[in-house]
Amino acid sequence: DTEVTQTPKHLVMGMTNKKSLKCEQHMGHRAMYWYKQKAKKPPELMFVYSYEKLSINESVPSRFSPECPNSSLLNLHLHALQPEDSALYLCASSHGTGYLQETQYFGPGTRLLVL
Amino acid sequence: TQLLEQSPQFLSIQEGENLTVYCNSSSVFSSLQWYRQEPGEGPVLLVTVVTGGEVKKLKRLTFQFGDARKDSSLHITAAQPGDTGLYLCASLTSGTYKYIFGTGTRLKVLA
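Read top to bottom, the protein sequences are chains A and B. Quick note on the working numbering: the first sequence kicks off at 135 and runs consecutively. Quick note on the working numbering: the second sequence kicks off at 95 and runs consecutively.
Dropping the structure here:
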C-alpha cells in the first residue's frame, strides 16, 4: 500500500479564518513533506519532517504552521492567509532512512481558495 | 544549485503517435523519479531509476537513465488520451531530503 491521504479535498477560507490541513500515511515512512503548487507549475517544497522533527523550512511565512503529532500524521495549520496563498497543497512521505532511493509518495492534495 | 530541465515544455499529439520527454541536469543524481500529474490531483509515481544506463518499461512507457546519471528520458509508444497530464521528473538533492522537480512537460493526447 503506497497511499497518502489528505483532508479536506477542497477548502475555502477567509483571510481571518483558522483552518488545518491533514495528511496521513501508514507505510511506516519517517519523512513527511508539505508542498505548495500553483497552476501549471511544479510543486514547491515548504516543510520537511524527519522522525517527527522539523528538518527543513523553506522560509515559509509564519501564517503557515506545520505540526507532526506522530510518525503517521502531518498537519498544516493556516491562519490569516492571503489570496495569493490559494493553491494546491500536497503532502508526501518517504522512507526517511537516508537510502539513495528516497522516493516520495504524494497524496491527492487539498485545493485551497482564500477569499 | 541543482536544476532539472525538461523538454519539451508542451506537447500536443494525436492518439497513436510516439513521443519522448527529456530530463537533463548538469549534476549527477543517485536516483531519479518520474511522476504524472492530472489537474487538481497529486503527482503519481511512475518509476524510479537508479543505475546509470538503466531501462525500465511500464506497459507503453519506457524510461531510461543516462550512463552518467545526469539525464533521463521517458518514451511513450502509441499515446492514448489517458496519457494526458503533466509529466515531472524529480530527484533528491544530495545529502538532504529536499526533492527538486523538473520544469515539467505538459502532454495532451487528442483522440
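We put the CB at the ideal spot given by N, CA and C, even for glycine.
Let me know if residue i comes out buried or exposed under the rule of 16 or more other beta-carbons within 10 Å of its beta-carbon.
i, result
"Glu236 (chain A)", "buried"
"Tyr185 (chain A)", "exposed"
"Gly162 (chain A)", "exposed"
"Phe104 (chain B)", "exposed"
"Gln108 (chain B)", "exposed"
"Pro195 (chain A)", "exposed"
"Val138 (chain A)", "buried"
"Leu210 (chain A)", "buried"
"Ala205 (chain B)", "exposed"
"Val248 (chain A)", "buried"
"Ala184 (chain B)", "buried"
"Met149 (chain A)", "exposed"
"Ser124 (chain B)", "exposed"
"Pro242 (chain A)", "buried"
"Leu97 (chain B)", "exposed"
"Ser106 (chain B)", "exposed"
"Leu188 (chain A)", "exposed"
For the beta strand (DSSP E) that contains residue i, what are its first and last residues?
i, result
"Arg200 (chain B)", "199-204"
"Gln127 (chain B)", "126-131"
"Phe159 (chain B)", "155-159"
"Pro200 (chain A)", "198-204"
"Lys192 (chain B)", "From DSSP, Lys192 (chain B) is part of no beta strand (DSSP E); its letter is neither H nor E."
"Glu135 (chain B)", "That residue, Glu135 (chain B), is in no beta strand (DSSP E); it is neither H nor E in DSSP."
"Leu222 (chain A)", "221-228"
"Gly179 (chain B)", "179-186"
"Thr244 (chain A)", "244-248"
"Val115 (chain B)", "113-118"
"Lys151 (chain B)", "149-152"
"Leu105 (chain B)", "104-108"
"Leu207 (chain B)", "Absent from the structure is residue 207 (chain B), since the part of chain B shown begins at 95 and ends at 205."
"Ser101 (chain B)", "99-101"
Determine the closest residue to residue i out of the options, with distance taken between C-alpha atoms.
i, options, result
"Lys172 (chain A)", "A:Tyr223, A:Gly241, A:Glu201", "A:Tyr223"
"Gly146 (chain B)", "B:Gly134, B:Phe159, B:Val138", "B:Phe159"
"Tyr169 (chain A)", "A:Ser205, A:Gln216, A:Phe198, A:Asn204", "A:Phe198"
"Thr197 (chain B)", "A:Lys174, A:Gly243, A:Lys143", "A:Lys174"
"Asn204 (chain A)", "A:Glu178, A:Cys225, A:Leu247, A:Gln159", "A:Gln159"
"Ser227 (chain A)", "A:Gly148, A:His144, A:Tyr167, A:Met147", "A:Tyr167"
"Pro176 (chain A)", "B:Ser167, B:Ser106, B:Glu99, B:Lys150", "B:Glu99"
"Phe240 (chain A)", "B:Tyr191, B:Lys150, B:Pro137", "B:Pro137"
"Tyr181 (chain B)", "B:Gly189, B:Ser188, B:Ala162, B:Ser166", "B:Ser166"
"Arg245 (chain A)", "A:Gly230, A:His229, A:Cys225, A:Thr231", "A:Cys225"
"Leu212 (chain A)", "A:Met147, A:Thr141, A:Glu192", "A:Met147"
"Leu140 (chain B)", "B:Asp177, B:Arg130, B:Ala162", "B:Arg130"
"Thr199 (chain B)", "B:Glu132, B:Leu186, B:Glu111", "B:Glu132"
"Gln127 (chain B)", "B:Gly134, B:Tyr116, B:Val203", "B:Tyr116"
"Thr141 (chain A)", "A:Glu178, A:Glu192, A:Leu207", "A:Leu207"
"Lys143 (chain A)", "B:Gly189, B:Glu135, B:Leu113", "B:Glu135"
Inset, instruction - Indicate whether the contact test is met: 3 or more Cβ pairs, each with one atom in the stretch 150-157 of chain B and one in the stretch 168-179 of chain B, closer than 8 Å. - result: With a cut-off of 8 Å on Cβ pairs, the stretch 150-157 of chain B is in contact with the stretch 168-179 of chain B, counting three or more such pairs.
Inset, instruction - Specify whether the stretch 149-164 of chain A and the stretch 119-126 of chain B touch according to this definition: at least 3 beta carbon pairs, one from each stretch, less than 8 Å apart. - result: no
Inset, instruction - Any chance you could list the beta strand (DSSP E) runs of at least 3 consecutive residues sitting entirely within the stretch 141-211 of chain A, in chain order? - result: For the stretch 141-211 of chain A, whole beta strand (DSSP E) runs of length 3 or above, ordered along the chain, are 144-147, 152-159, 165-171, 178-184, 187-191, 198-204.
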